[in-house]
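Residues in the sequence shown are numbered consecutively from 418, following my numbering.
Heads up: the structure comes next, in structure tokens.
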Amino acid sequence: MRTPSDHHSYPAHWEADVVLRDGGTAQIRPITPDDAQRLVSFYERVSDESKYYRFFAPYPRLSDRDVHRFTHHDYVDRVGLAAIVGDEFIATVRYDRIDSRGMPARSPSGAAPDGRLAAGSGPAPADEAEVAFLVQDAHQGRGVASALLEHIAAVARERAIRRFAAEVLPANTKMIKVFTDAGYTQKRSFEDGVVRLEFDLEPTDRSLAVMRAREQRAEARSVQRLLAPGSVAVIGTSRSSGGVGRTVLRNLLDGGFTGRVHAVNHAFPDDLTRLEPEGVPAHRSLRAIEEPVDLAVVAVPAERVPDVVAACGDHGVQGLVVLSAGYAESGREGRDRQRDLVRQARTYGMRVIGPNAFGVINTAEGVRLNASLSPQLPNPGRLGLFTQSGAIGIALLSGLHRRGAGLASLAGIAGISTFVSAGNRADVSGNDLLQYWYDDPQTDVVLMYLESIGNPRKFTRLAKRTAAVKPVVVVKGARHTGSAPTGHAVPTTRIPDATVSDLLRQAGVIRVDTVTELADTGVLLASQPLPAGPRVAILGNSESLGLITYDACLTEGLRPLPPRDLTTAATPEDFRRALTEALADDSCDAVVVTAIPWVGDSRADALATAVREAAQTSGPGPDKPVAVVHLEIQELAAALAGTGEESAPGTRRIPAYPAAERAVRALAEAVRYTRWRQEAAEPGRVPEYDDIDEAGAAADIQVLLAPADGTGDDADPGVELSAADTQRLLARYGVSVLPALSAPDPDTAVRAAERLGFPVALKPTASHLRHRTDLGGVRLELGSEAELRRAYAELTGHLGRPEELGLVVQRMAPRGVDTVVRAAIDPAAGAVLSFGLAGAPSELLGDTAHRLVPVTGRDAAELIRSVRTAPLLFGWRGSKPVDTAALEELLLRVSRLVDDHPEVVAVDLEPVVVAQHGLSVLGASARLAPPPPRTDLGPRHMPAY
């Protein structure tokens, strides 16, 4: 139990697990009085030099007064954090609030219970603090101080501290580098033999870039330690053949693992030192192994896993692959067991793949690791594969192997670089693998089967960065169940699957629907150059198959050239000549070769050689992708993949597909990905508008939210804004809403119309009638008092009393296309901007497009063009095009509003009538709530358990 210091409660939300530079992990948490002995023990292990750097004088031991001061904090003006591995401190950091003279300062009495300054509480507190670090010598160089700086800075910002000051001896170059490399705006001075550093804590583009670069290196290194161990212990290896542990042990050896392998089972006889027939060292416990163990594969019953984890931690094991089942997939007790597993492993600085995992594979020649249940090590290739399902992992590995794995000495067309099947992915997730594959030279294409996305903001950020350098192809399972698989502990998200798909596309992710499409697309991307455009040449020995391919291209939005029929009498040489000509033709960007069997003569090898040689010597100009569609020529796929004995390194391999639709779909995904990369190379920008009043909007929001903030016991403290408040807030961002005047009776309606000017519209505001023109509840183009009174009588006569309808009068807007613009905050994914045409297209057909906020000018232009009904905006059937530039500007302004003010959790503009010149917002609503935490902008940390 942690005892709170002084009178402020213990801030549990400051606790975090972090990945360090070398791939190990540590826990960061506030220091409490209970840590007195830990602090003393930690200080005793610090060298005299480090103590001198910290206190500027010899300081061999801490006095009782020191211990009390360093363990008792108010968590507002005095805060201490510790980095912990096991039960021991490895580093500490603290800050003390100071005033302008450098003297200790305190928050004013108006501070809230959590330390934040309450609204209207008087003068602001001193906003500067002095910060100091101490890192145990054995852990220096691991990035511990950098991680602590990120977390103590976030704590300080939360406590209204805006600036840190640090005094460092000039010889303490490591600590000076920690500060100067952090990316904050700094001021440096030298006085009395001491370097004084002052830096603002407001995150900058550079500080965020530094933090994310460190995060990438650390998490990639943590995965690399799992995938390239020097030694592996299989814990739970049975004495008899069979069983999970013995199977993994055999797979490790059969795959040719280059490191050392140990078999561990507490039931081994005392005199058993070597397990036969495998011939590997056998041990009753991990302690009996007299050398380091990098990776432990755990295949014991779930109830025995805690003892195994403790033994691994004590032995210095770097990571675990837990194959054992009986965790979150089995119910509440299993979920508790899974949380305990992760917490226990992290206390020792270990990462966990699993539980309920299928295993990991690394085909690199210097590793050859098959620590999985796959019976064979796949041949090496350029595909990185991550799955959250063992069954899907098996299917993918098997399917890719059938596509042609190549000779053992060659990288096959469907070969694997690395494979991770994470099971319940309690710790290591797809995000970690994206960090690893981002700069992995052995991986050209990333394939992922996901059933849940635990941190969508981070996933889209990492996927976008990775997609800028190599394709990321994803198939998402559990799309319509409304919940994640039982084994996955992830945040809930209300985002529909169609929205998820749009957001993935925005990040450059190639999303496909099936595992077959995942393999089809991955194989083409791994073996072929990217197409420069959508123009496709089609050639082959079957006119019918060529026409099917042509139709498939049109369906996928490609631009096929007329198919070239070589006739059924075509020889391999005819194919070679035709393909060479097509590849040299500037009017095409890709080629699809179609082939049907010859009668009575199998020419698969000769045809494969002809196609591959033509593709290899395509002549001047950019390389073009080539795909082959074949019907019932089974040997052709293997020959094209390069499994023949005549293959040589560097020979181009060609993917083959048994159906035209599959080949064209893969090619179309490559075309769309190429277009995304070209656009991402010149990203748009978030525009600045001179008329935006950000400060005024913030002041309005603070006032409007004040009643909700004060309730404290309301589970949903949000505020639905009135029409007037909504219009005032939107006006701060240059968005005007056409005035609508209340009409509780006919006479008031007439006066309102006279004030606004005829013609007018009369419409209800009751929730069950809003935007329901199909019910006859909206009357338009009322040009006189008589027409208005008649419409008023008809509406109240047919739909209900005036007080039930909430009738309003509004000036008529210029005719145009009715659209809807919405923005909403999802707790997991963040702010999402949506656009569609009002009425049936968006409500009935779901024809709505989405982008993550903030959107750029390019995003806004794409957003309005990505709905299926977009032609209505651009002059469909001879109609006049509407002002899409004004619509794009509206989208950008709404995006800025919700991005600048996360308290704006929902905005709904409907309808937005877009005319030939300008637009009119006829209805608007907004909702405010305390902003959800932005985990993507805070200090780096691992998912909490």
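For glycine and all other residues, C-beta sits at the position ideal for the given N, C-alpha and C.
Residue i, buried or exposed, once every other Cβ within 10 Å from all chains shown has been counted against 16
i: residue 639; result: buried
i: residue 1320; result: buried
i: residue 852; result: buried
i: residue 490; result: buried
i: residue 461; result: exposed
i: residue 984; result: exposed
i: residue 1227; result: buried
i: residue 633; result: buried
i: residue 783; result: exposed
i: residue 1034; result: exposed
i: residue 942; result: buried
i: residue 945; result: buried
i: residue 675; result: exposed
i: residue 868; result: buried
Residue i to residue j span [Cα, whole Å]
i: residue 703; j: residue 727; result: 10 Å
i: residue 1112; j: residue 1318; result: 10 Å
i: residue 772; j: residue 840; result: 6 Å
i: residue 564; j: residue 472; result: 22 Å
i: residue 432; j: residue 568; result: 9 Å
i: residue 1101; j: residue 1282; result: 16 Å
i: residue 1162; j: residue 1301; result: 38 Å
i: residue 1085; j: residue 925; result: 14 Å
i: residue 1315; j: residue 1270; result: 8 Å
i: residue 602; j: residue 596; result: 10 Å
i: residue 777; j: residue 838; result: 6 Å
i: residue 570; j: residue 593; result: 16 Å
i: residue 1021; j: residue 921; result: 40 Å
i: residue 1328; j: residue 1340; result: 6 Å
i: residue 511; j: residue 756; result: 30 Å
i: residue 1344; j: residue 1115; result: 14 Å
i: residue 1306; j: residue 1277; result: 8 Å
i: residue 736; j: residue 573; result: 33 Å
i: residue 1330; j: residue 1177; result: 15 Å
Whether residue i touches residue j by CB criterion (9 Å)
i: residue 1032; j: residue 1072; result: no
i: residue 845; j: residue 768; result: yes
i: residue 819; j: residue 933; result: no
i: residue 817; j: residue 939; result: yes
i: residue 763; j: residue 444; result: yes
i: residue 427; j: residue 449; result: yes
i: residue 806; j: residue 751; result: no
i: residue 931; j: residue 1081; result: no
i: residue 1089; j: residue 884; result: no
i: residue 1216; j: residue 1179; result: no
i: residue 1357; j: residue 436; result: yes
i: residue 1237; j: residue 1243; result: no
Beta-bridge pairing of residue i - partner residues as DSSP gives them
i: residue 955; result: 1009
i: residue 480; result: Residue 480 pairs with nothing; no bridge assigned.
i: residue 512; result: 496, 548
i: residue 620; result: Its beta-bridge partners do not exist; DSSP assigns none.
i: residue 436; result: 442
i: residue 651; result: 680, 714
i: residue 668; result: According to DSSP, residue 668 bridges with nothing at all.
i: residue 765; result: None; residue 765 has no bridge partner.
i: residue 835; result: 779, 801
i: residue 603; result: 616
i: residue 787; result: 778
Host alpha helix (DSSP H) of residue i (start-end)
i: residue 1219; result: 1219-1222
i: residue 592; result: 590-597
i: residue 775; result: No alpha helix (DSSP H) contains residue 775, which DSSP labels as neither H nor E.
i: residue 1259; result: 1257-1260
i: residue 919; result: 914-923
i: residue 1181; result: No alpha helix (DSSP H) holds residue 1181; the beta strand (DSSP E) holding it covers 1177-1181.
For residue i, the first and last residue of its enclosing beta strand (DSSP E)
i: residue 1047; result: 1043-1047
i: residue 584; result: 580-585
i: residue 1198; result: 1196-1199
Heavy atom of the ligand ADP within 8 Å of residue i beta-carbon
i: residue 553; result: Questions concerning the ligand ADP fall outside what the structure shown contains, since it holds no ligand whatsoever.
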